[in-house]
Structure formats: C-alpha cells, structure tokens
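Structure record follows, encoded as structure tokens.
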Ligand SMILES: [Zn+2]
Ligand SMILES: [Zn+2]
Ligand SMILES: [Zn+2]
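Structure (structure tokens):
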C-alpha cells in the first residue's frame, strides 16, 4: 500500500467525521477503505448485537423482536438477523458493520460574520433568542422554546446559530417532516448566504451531509454519531418523532458529549409540559406572534348532517353558508379533511357546488393535496403563489408551512386525526401576515370533542399570557 | 400475530372451519390483504393479462414469431397495483426478505389450481440474479417463490454478469442477447418462477435455453402481471 494513493486527510475527515455508515454507504475503493481501517481512522462496530435473548439494531436502536427477521444471506452464506425497522435507509444485517470516523477530527470554520439576515427581531423574539445564545455559550444540555404558531421561531434561532458558527461549531436543524426541511432550506441559505448548508431528506439532492450547517429530517440522523455541537429539533411534538423511539435515539446519538439541544414547539406534548412544570426542562416561552396580534380563536360550528354529507363527498351545509359571509372573501382558503380519500373525492364536488353558488370564478383554482400525492411540493408552491385559491388538504399541512393570508376550515374536526396539537397547529395557519394579521378558523363538527375544547382553551390561554 | 406489512395485530376470525382444522393464519391482516388485487375474470390464455380476447395482442406477436414462442403459458397471480408496487419495492429492492412470506399461500393455491396435473415430474426453476445483484441484495426473490411450491427446485440457470443495453431492435435482441446460460441438460418439464411478468422476454430467453438443452415443455408462474 502506498500513501500517495490516499486523498488529503482533511477531505476524508470532513466527509466522514460524525457519520455512522454501512460499507455500501462509503464510496471508497476497497484498498483505501482497508487502509483507513488499519490506521484506525475508521472503526467498525457490529450493526446488530445480541445479548441473551435481546437484539439491538445499532443504527436505529430497535429492540422489538417482530421488527427483526432472518435471512439466508447470499453474501455470508449464513442465516442471520436483519433489522426491518430502518430498512428504508439500506438494510443492516448481522454480518455487517457500521463504520465511524476515529481519525483526526475535522476543524470546522470559525465564521467571522456568517449571518446575512437583514431583518430585526421584536423585543419578545430578542429575549428568546438571547436565551438560546446563552444556552449554547454555556453548553447547557437542553432548552425548550415554546413559541406560538407565527412567533417567528426560525428567526429567533439566527443569533444562536450565528454564535455557534463563529465558535467553529457544527450545527444541525432537524425536524420530523420533509416539507419543513424543504421550507427551511431556502430561508436559512438566505440568512447565512456564505455558509455551506445541506438539506437532507428521503429523496433530497444533497446526499453527503458533510456541511457545517445541516438541515435534516430526524430520520436522516440515523446516519450520524457524535457529530453536532448544537442540535435544534424543530416541531418536537410532530409525528413521527414523538411516536417513533428510534428518532429521539438517533437525535441523541448524533450529538457530541458537550452538545446543546434546543427543542422548538408550539404545542408541547404532555410529557414535556410535565418536565417543564417540574422544572426538569429549562424553557423559554414566546406567547406573542411576531406581528404582535393575538392568535385567531377558532369557532365551533355544529353540523347535524356532517357525517352524511361527507360520506357522499359533499361539504357540510354550514360551510356553504359560512363561505358566503366570510369577513374577507379575498383570503385564500385552506380546508382540512380527515382522510386522503375525502381530500381526493371531494375536490370535484366542491368545485361544482361553489361554481353554481357563484362564489367561485372559473379562473380561480381549487385543488387537493395529501401525503401520497406526487405533486405535493408543486401544489404547495402553487397555493403559496396564489395560483390555487382553495386547497383541500389532510393533516400534512397542519404545520411548518406559512401562507400569508388564509381562512381555515376543518371538516369533521371531531375526527381522531385532529388531536389537540393538530387543531392548535391548524388554527395557527391563519393570520400569519402583518398585512392581514387575523383570519377565520372554523371547526365544522357533529359533536364537539375534548380535543376541540382543549385546543380552543389553550389558544385563549396563550393569548392571555401574551397580554391580550 | 402481527401483520408483516403494517405491523398491526391480526385478530384471527374464529369460524367453524378453522376450529376443526389445523388453522394457520396468513401473516397479513385483512385490511392489507384487501389492498392486493388478485387477477380474475377474462384473461389471456397465454400470459394471464386481463383482456376480453382469448389471446392478447402481445402474445399474438410472440405467436407470429414462432421460433420465439417457447413457453406453453404463463400464469400470474396479482395485478401490479400501488400496494403491490410498494410491497415489491420493499421486499426486493430494500431487501426485506421476510415479506416473501406474504405470498406463500397464494403461490401454493395458484400452483394447485393451474399446474397440479404436472406435479409428478415438473421441476421449478427460478429466474436467476446476476452475481452483482446477488451481492447487492443478499437473496433472490424468485428462489424464495420457487421454494414455496410443492415440487423439486433446481437452480440450473445462471445469469451472465454485466448486461448491456444494445441498440438492436426487439427481434434481434431476443434472438441474440440471451442473458442466461445453463450448465446441464434436462429431460423433464420445467415451471419457470419469477416475481414479475412484464414483456415476457426474460421468461422466453430462459425457456429457449431450456428447450435447446432437452426440456420437453416450459411453463411459467409469476407473482405479478406488470
Ligand atoms: Zn450475511
Ligand atoms: Zn434498525
Ligand atoms: Zn396489515
């Protein structure tokens, strides 16, 4: 083996520092790979370990027996386990190793002036931003930022990220939802125009994940170990993060020993609220929207024939009444429905009815979108650019996306998919712009639920805390 | 038991028939099973495609080129709907080996329905993967499907490495670019096994080779009609 075959060490170290990868994810030729192993620059560990009767996938932390299966492996010619839990990221098997970088650690850039954002924070935002900076400087372990929908969470992060980049720290902004990653990337790139940023999600163009500032779905963190000095987890209460143990497992492993983890949420789950109440989790509360106006309080509208109407893919009668008397008919309209089928099937009916009513002109477009929709990104963009006037959606648009001037209707707000957090988030889509800081939110239901009452209650409470 | 596809608990239905028989539940829940689409109704006699013609236009093309028409008929079980596409993607491309179990009872039933009369001496031959593919995936999905069948399996076909795209027309390609090779002669009828029937070219390549090496008749069973 000859040394001159080796690419510059700092290149390899930038590429692999903080990563935890299978051999097939390391695109190096075998001789070089073996050389790095013998130098102990790459260290292997078993991808799946067994202890007595328990197994563990070392990539995703899975220990559930039914999420492992046996395979007669054509590579090692033995029958052994593989993990089904994280198989979408490439299969981990018992005959395979995960590799992590133990060579010289990469020195990240100490950016002098990384932030190119020209905007200004409000006093309330400034206070929270300062708290975040302090947490990062003091290497505090955790901080939860509880900020209402529309508080301008992302901007509040800028001083903290700036500070971290000035100190040569590596920062990750993670969120459970790919839509949110796609929304955040251009905003962050604009705010930190000279900093290399990569956005990672299933199907993203960036694959390497080697930048100093990473925006990623929490799933992508399965490929990291001890990588980040600052970990920001946005929408900590969102599906699937709060329901899938492997995601907190991965997020935690992706942090360095001295890492500061910042959680962002508008609707913390019970568990976090309890930790806050017991003073086990430091937090900062931001009860006011950046434009200084209160959150729109949803109205409940009882519809006696709601289930029957929806079963025929028709909108509830009360909705057709309401749409005639909207305070500001020029606002776009977001309609949340509980299922993909309803989103798809109601589209044509609603279009026909609204056109008949004369409340809808043929130039204005109506469309529907859901998680399995291939044109999802494009439709969300078209709605933002006001090419679509009415958008029927499932809960995929409940959070993370901002449209300046919309009214919001929920059909069958009593449905199970609309839990308290979802209802608060959905209500938070209205009144986001300083030019139109209010908006109507209507829960169309056939029998109110605990979730609806709690959601309205918590919105009122936040307004009260905000001094309204 | 937990559904192999959606991980939800399967609640077995207790009926008189399964009380008295040795009841072996399928590893898939009813909701997931209902999303699979078994091919039924009028189908092409030769390739299983759903059509109201006795023989579909594709198969007529094979017919017109008699030398290429080397399989008696193909039988496919499922339509290639979204659910099946997702299942195949996870099973074959992601390598979730155990998902093959979803298809076991269907394969056995289909065999008994369509090929039982061959049982005595038919041999199941899976369509092979190239070495490179095998190294990537660790298993051959066609082998697994063949294993489910109540007949002897023989892996006598091999696939050449490094298949290349050529600019020949369909006819030339079929006549010349046979991706398979065979290591022994065979004097028994063969049931070729594969996961998807798309154009039928792959199966006919395999069948041609088998026939050149002594095989009296070649049939095919494929999980999906693409
Ligand atoms: Zn193996
Ligand atoms: Zn795993
Ligand atoms: Zn299922």
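Residue numbers (the numbering used here), protein chains in the order written: chain V, 1 to 468; chain S, 1 to 226.
Here a beta-carbon is modelled for each residue, glycine too, at the ideal position from N, C-alpha and C.
Residue 407 (chain V) places its beta carbon less than 7 Å from that of residue 331 (chain V). Listed in chain order, the alpha helix (DSSP H) elements of length 4 or more contained wholly in the stretch 89 to 118 of chain V amount to none.
Annotation note: the stretch 21 to 81 of chain S contains the following uninterrupted alpha helix (DSSP H) runs of length 4 or greater, listed N- to C-terminal: 30 to 35 and 57 to 64. Judged by DSSP secondary structure, residue 450 (chain V) falls within the alpha helix (DSSP H) whose first and last residues are 450 to 465. Taking 6 Å as the cut-off, the C-beta of residue 73 (chain V) counts as close to a heavy atom of ligand 1. In its chain, beyond the 5 residues on either side, 171, 195 and 197 have a beta carbon closer than 6 Å to the beta carbon of residue 213 (chain V). At a cut-off of 7 Å, the C-beta of residue 139 (chain S) has a neighbouring C-beta in chain V.
Taking 7 Å as the cut-off between beta carbons, the residues of the stretch 95 to 129 of chain S near chain V are 95, 96, 97 and 98, in sequence order. For residue 129 (chain V) against residue 159 (chain V), the beta-carbon gap comes to about 4 Å, under 8 Å, which counts as contact. Remark: the C-beta of residue 47 (chain S) is outside contact range of ligand 3, defined as less than 6 Å to any heavy atom.
Residue contact check for residue 87 (chain S) against chain V: no CB pair falls below 7 Å. For the stretch 371 to 393 of chain V, the set of positions with a beta-carbon nearer than 7 Å to some beta-carbon of chain S is empty. Scanning S:145, S:8, S:60 and S:181 for the CA closest to the CA of residue 192 (chain S) turns up S:145. Not flagged as an interface residue toward chain V: residue 28 (chain S), since no C-beta distance is shorter than 7 Å.
Each of S:3, S:5, S:6, S:29 and S:32 has a C-beta closer than 5 Å to some heavy atom of ligand 3; these make up the full list, in chain order.
Selection V:33, V:25, V:22 and V:246 evaluated against residue 7 (chain V) yields V:33 as nearest (Cα-Cα).
For residue 57 (chain V), the shortest separation between its Cβ and any heavy atom of ligand 2 lies below 6 Å. Under the three-state reduction of DSSP output, residue 202 (chain S) falls in the helix class. When the five nearest sequence neighbours on each side are left out, the beta carbons in the same chain lying within less than 8 Å of the beta carbon of residue 81 (chain S) are those of 35, 36 and 37, in order along the chain.
By the 16-neighbour rule on beta-carbons within 10 angstroms, residue 234 (chain V) is buried. Contacts with chain S at 7 Å (Cβ-Cβ) include residue 69 (chain V). As computed with DSSP, residue 368 (chain V) is found in a beta bridge with V:392. Cα atoms of residue 98 (chain S) and residue 75 (chain V): separation of roughly 17 Å, rounded to the nearest angstrom. The beta-carbon distance between residue 210 (chain S) and residue 190 (chain S), rounded to whole angstroms, is 5 Å. This is short enough to meet the 8 Å contact definition. What residue 83 (chain S) touches in chain V, judged by beta-carbon distance under 8 Å, is nothing: the nearest beta carbon there is about 12 Å away. Annotation for residue 76 (chain V) indicates a beta carbon within 6 Å of some heavy atom of ligand 1. Spanning the alpha carbons of residue 283 (chain V) and residue 53 (chain V) requires a straight line of approximately 40 Å.
Nearest C-alpha to residue 137 (chain S) among V:124, V:141, V:24 and V:151: V:24.
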